[in-house]
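Using this note's numbering, read the sequence shown as starting at 1 and increasing by one per residue. Backbone N, C-alpha and C fix where the C-beta goes; we use that ideal spot for every residue, glycine too. Down below is the structure, laid out as structure tokens.
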Amino acid sequence: MKNQSVSSKIKFGYKEINDFINMESSRDKERYRLEQEAFVSNHGGTTSQEVVHVILPNICGVLLTITTLGLYGKYLHRNVKIVIEFMLTVVPCILCCTILSEYVSNVCVFMIILSFINIMLMRIKVHALTSCILRPVKGKRPFVTNFRALSNIITVICILAVDFRIFPRKFAKTEVFGYSLMDTGVGIFIIANALVSPEARDFSSQSKLGFFSTLSRNLKRPLKSSIPLLLLGCGKFLAIEFLGYQRHITEYGVHWNFFITLAFVKLFTRTITSTINSRYSLLSGIWILAMHEYILTNNGLKDWILSNEPRVDFITANREGLMSIPGYVGLYLIGVAVGRLIHCTYLNLNLGTTLYPRKNIHITIFGYDLDASYNESMILCVKLSLIAAQACAATLFCDKYFRISRRLANAGYCSWIVTLCTMILTLLLLIEVVTDILIYATTDHKIVDNKNDKVLEKMGEVKHKRHKAGFKTRKENKQDIKQESSQDLPVDSPIKRTLEIFEAVNYNGLIFFLSCNMLTGIINLLMPSASQNVKRIKLRK
């Protein structure tokens, strides 16, 4: 009997110890979760100039990669090329967001110098620069692919890096007002989707169907595409609740997240474009943003959203996510207008017509004569730069009177995103123009021009018929991408206008984004990221 009582006391003692250990472990997890939430919250951001500076190395990396592979690509294996692309595009992005964040300008200058050296070496190796005529390049636009891929890559890098102390707090999301790198993520993602949306590619003058028929047809596809996004949003919420993962409530709310926002933006924008022709998407977007700002400012809605009132029901719990939807809808429609400008420019080229008269330009570069004629890309580059300047003026005006707030998705934030996106598109398009000049200057393109002109002429006729009919199906868009990717002129050039990494990220955008989010969550669950202290590099004076 004594032995039984002793053993029962020992078992009871073990149980108490285990309960105590489990209690301490749960307390430690809860304490760490609160510390992590505080670590990524209550930040004031930085300046708009610094946000632009930290993005510039990614654009310079594209130019450096293209010129490097153009110089040495034909001697390298395909796998080696992919490694070089990763080292020159992704790695600089990681470094400039972390240990080299104070020396971004130096990195940009270094990349530009290396790119210039590569161009000079290409000129030494090739003797075909004289009397080169730059002709219009048909097919898909690499600068749009580069923009969409870069925005995705920068976003996923920041999502992981923000949980570590090596990531500067000035780049983390702002709590109320201000500029920051991470604040641009959702806005740039909205613009990137709008640029290639069906609304941006629809050039039909008017619908032959009635209003309700058009509405039901246009809502059928976004409903199908929104259901997976809604499921992803619900799945993310349940996973966070089940795992006790840290959550920045003032970003979207308690139950809301980015996937749910994107789903509702798709539904609302397709409804609007069913009522109003997408030709008026710019005016529609500006009007929605103006009304959104008016309601925020004059009806006390802004104070309610930014207040610390208790979140007692679904609306109050998710007031940031719900009330920011009009801003994102307006931003999406402006992105559709920019996309229409891009596609309209090259649609005329693919149909064999042009809106701009040709003018030959005679340029002398380092003693070598270059005969060129500016094409649609150069005209579009000027247009995008003018849009960026106008959006910048609107941003300065809104910043003075309304301030910039991602949490509200107000007019100032949306104009800031339009400024940033059009600026990036302009720079990437400028790189594409330089790439086209290098391609035509370093290859014998006369052999393939006539053949590709005939092929693209047929493609233009097919596209013209499709555009007359209205929206194209998803399958038709994919077929167009495959057909146009084969028309990367000229075929024997060592210089590639699109990088394989960017093509892969762009084609599998949602899978890439989800995979990176899952990996970020796994890393944060396996290691205390906020306690990892790595010092940023400081150069000695």
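Residues near residue i in its chain [Cβ-Cβ closer than 7 Å; skip 5 each side]
| i | result |
| --- | --- |
| residue 326 | 288 and 292 |
| residue 276 | 284 |
| residue 172 | 40, 43, 162, 180 and 182 |
| residue 427 | 59 |
| residue 197 | 336 and 339 |
| residue 506 | 145, 148 and 149 |
| residue 497 | 142, 432, 435 and 488 |
Euclidean distance between Cα positions of residue i and residue j
| i | j | result |
| --- | --- | --- |
| residue 182 | residue 189 | 12 Å |
| residue 195 | residue 263 | 17 Å |
| residue 169 | residue 162 | 8 Å |
| residue 143 | residue 311 | 44 Å |
| residue 425 | residue 147 | 7 Å |
| residue 376 | residue 242 | 53 Å |
| residue 110 | residue 117 | 11 Å |
| residue 77 | residue 67 | 17 Å |
| residue 524 | residue 248 | 15 Å |
| residue 300 | residue 307 | 11 Å |
| residue 253 | residue 141 | 37 Å |
| residue 112 | residue 432 | 15 Å |
| residue 92 | residue 179 | 22 Å |
| residue 90 | residue 145 | 15 Å |
| residue 341 | residue 332 | 14 Å |
| residue 416 | residue 395 | 5 Å |
| residue 553 | residue 201 | Shown here, the chain extends from 1 to 541; a query on residue 553 therefore has no answer. |
| residue 87 | residue 64 | 11 Å |
| residue 517 | residue 526 | 14 Å |
| residue 397 | residue 297 | 15 Å |
| residue 418 | residue 266 | 18 Å |
| residue 413 | residue 157 | 22 Å |
| residue 187 | residue 124 | 43 Å |
| residue 239 | residue 99 | 32 Å |
| residue 282 | residue 329 | 11 Å |
| residue 268 | residue 155 | 25 Å |
| residue 61 | residue 85 | 9 Å |
| residue 438 | residue 346 | 21 Å |
| residue 273 | residue 280 | 9 Å |
| residue 220 | residue 199 | 14 Å |
Identity of the residues DSSP links to residue i by a beta bridge
| i | result |
| --- | --- |
| residue 46 | 179 |
Cβ neighbours of residue i in the same chain (closer than 8 Å, five flanking residues each side left out)
| i | result |
| --- | --- |
| residue 519 | 160 |
| residue 81 | 69, 73 and 500 |
| residue 175 | 41, 42, 43, 44, 250 and 407 |
| residue 381 | 426, 429, 430 and 433 |
6 Å CB neighbourhood of residue i in its chain, flanking five on each side removed
| i | result |
| --- | --- |
| residue 229 | 259, 262 and 263 |
| residue 232 | 259 |
| residue 385 | 426 |
| residue 71 | 118, 121 and 122 |
| residue 236 | 257 |
| residue 191 | 335 and 421 |
Where residue i falls, given that 16 or more other Cβ within 10 Å makes a residue buried
| i | result |
| --- | --- |
| residue 120 | exposed |
| residue 338 | buried |
| residue 313 | exposed |
| residue 115 | buried |
| residue 47 | exposed |
| residue 391 | buried |
| residue 294 | exposed |
| residue 278 | buried |
| residue 511 | exposed |
| residue 226 | buried |
| residue 290 | exposed |
| residue 393 | exposed |
| residue 410 | buried |
| residue 105 | exposed |
| residue 440 | buried |
| residue 257 | buried |
| residue 515 | exposed |
| residue 75 | exposed |
| residue 303 | exposed |
| residue 508 | exposed |
| residue 522 | exposed |
| residue 388 | buried |
| residue 315 | exposed |
Closer than 7 Å: residue i CB and nearest the ligand FAD heavy atom
| i | result |
| --- | --- |
| residue 381 | Only the bare structure without any ligand can be found here, which leaves the ligand FAD out of the picture. |
**Report entry** Whole runs of the beta strand (DSSP E) within the stretch 245-318, excluding any shorter than 3 residues
**Finding:** List check, beta strand (DSSP E) in window: nothing returned.
Query - Runs of beta strand (DSSP E) lying entirely within the stretch 40-105, each at least 3 residues, in chain order - result: None, since the stretch 40-105 contains no complete beta strand (DSSP E) of that length.
Query raised in the report: At what residue ranges does the stretch 317-342 contain a whole run of the alpha helix (DSSP H), taking only runs of 4 or more?
Result: Runs found: 319-323.
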